[in-house]
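First residue of the sequence shown? That's 277 in the working numbering, and the numbers climb one at a time after it.
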Amino acid sequence: VGASGGGKSTLVQLLLGLYTAQAGTIRFGGSSQQEIGLETVRENVAVVMQHPALFNDTVR
Numbered sequence: 277v278g279a280s281g282g283g284k285s286t287l288v289q290l291l292l293g294l295y296t297a298q299a300g301t302i303r304f305g306g307s308s309q310q311e312i313g314l315e316t317v318r319e320n321v322a323v324v325m326q327h328p329a330l331f332n333d334t335v336r
């Protein structure tokens with residue numbers, strides 16, 4: 277939750293490895309994102325993007 281244009285979506289995309297940070301470090305409880313590992317971050321973070329793709333079909 278935050279102001280429009282505040283960088284929320286960009287931060288999530290950085291967390292999930294969709295973007296590569298040009299500078300700085302993302303930390304979780306004192307551990308860097310590199311120390312935790314991208315796989316662990318992706319296993320523990322769920323995201324619904326601003327423009328989700330919806331399909332009118334059945335999952336089988």
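Glycine included, every Cβ here is placed at the ideal spot set by N, Cα and C.
Computed from a predicted structure; not experimentally measured.
Assumed close pair residue i, residue j - CB separation to whole angstroms, cut-off 8 Å
i	j	result
Val-317	Gln-310	With 8 Å as the limit, Val-317 and Gln-310 do not qualify as a contact, their Cβ atoms being about 10 Å apart.
Ser-280	Gln-326	So it is not a contact: roughly 11 Å between Cβ atoms.
Boundaries of the alpha helix (DSSP H) in which residue i is found, first to last residue
i	result
Asn-332	Taken as a continuous stretch (DSSP letters only), Asn-332 belongs to no alpha helix (DSSP H), as it is neither H nor E.
Thr-316	314-320
Coil, strand or helix - residue i by DSSP
i	result
Ser-285	helix
Contact test: residue i Cβ vs the ligand SAH heavy atom, cutoff 7 Å
i	result
Leu-287	This structure simply doesn't include the ligand SAH, nor any ligand for that matter.
Residues near residue i in its chain [Cβ-Cβ closer than 7 Å; skip 5 each side]
i	result
Thr-296	none
Val-321	Leu-291 and Leu-292
Residues of its chain near residue i, where Cβ-Cβ distance is below 8 Å and the 5 sequence neighbours each way are ignored
i	result
Ile-312	Phe-304
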